[in-house]
Amino acid sequence: MAFIDDLKKFGKNVAQKSSDVVETTKLNMSISQEKEKINRLYNEMGAAVYEQYKMGNDLGMSEQCSQIAEFEAKIEEYQNKILEIKNAVKCPQCGTEVSAETVFCAQCGTKIK
Ligand SMILES: [Zn+2]
Numbered sequence: 013m014a015f016i017d018d019l020k021k022f023g024k025n026v027a028q029k030s031s032d033v034v035e036t037t038k039l040n041m042s043i044s045q046e047k048e049k050i051n052r053l054y055n056e057m058g059a060a061v062y063e064q065y066k067m068g069n070d071l072g073m074s075e076q077c078s079q080i081a082e083f084e085a086k087i088e089e090y091q092n093k094i095l096e097i098k099n100a101v102k103c104p105q106c107g108t109e110v111s112a113e114t115v116f117c118a119q120c121g122t123k124i125k
């Protein structure tokens with residue numbers, strides 16, 4: 013019965029294929045997890061290199077580090093604009109956001125103005 017044999021073979025192939033898909037999906041998830049771990053370490057390495065750059069030690073990534081410095085400056089500029097909009101300032105001592113009208117920081121008591 014060639015037809016039945018073909019049917020059995022087809023069923024086996026479908027089962028095999030679906031277990032292959034499950035296995036492949038698991039392996040791809042494992043790959044993603046390992047890649048995430050690598051990216052976390054890359055991130056740590058980059059942060060360490062940037063810390064060194066800020067302390068004046070050029071570890072050969074000064075181009076990227078100066079770009080990060082530029083981006084940080086932009087972030088600070090944007091944060092300052094937000095403070096302006098909210099009529100707020102940052103406490104120079106503890107960094108707490110307080111109203112620009114505040115005389116003493118509610119958090120640490122530092123004189124604001
Ligand atoms: Zn404060």
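Quick note on numbering: the numbering used here labels position 107 of the sequence shown as 119, and the sequence is numbered without any gaps.
Every residue, glycine too, gets a C-beta built ideally from N, C-alpha and C.
Residues near residue i by beta carbon distance below 6 Å, same chain, minus five either side
i: Thr122; result: Cys103 and Gln105
Nonlocal neighbours in the same chain, by C-beta distance under 8 Å from residue i, ignoring five residues either side
i: Ala118; result: Thr108 and Val110
Assigned exposure category for residue i - 16 Cβ within 10 Å defines buried
i: Cys120; result: exposed
i: Ile94; result: exposed
i: Ile16; result: exposed
i: Val34; result: exposed
Residue i Cβ short of 7 Å to ligand 2 heavy atom set
i: Glu89; result: Because ligand 2 does not appear in the structure shown, any question about it cannot be addressed here, the ligands present being ligand 1.
Beta-carbon gap between residue i and residue j smaller than 8 Å
i: Tyr62; j: Ile80; result: yes
Neighbourhood of residue i by C-beta, 7 Å cutoff - its chain only, sequence neighbours within 5 removed
i: Gln45; result: none
Residues with a Cβ closer than 6 Å to any heavy atom of ligand 1, in chain order? Any residue whose Cβ sits closer than 6 Å to a heavy atom of ligand 1 makes the list: Cys103, Gln105, Cys106, Thr108, Cys117, Gln119, Cys120 and Thr122.
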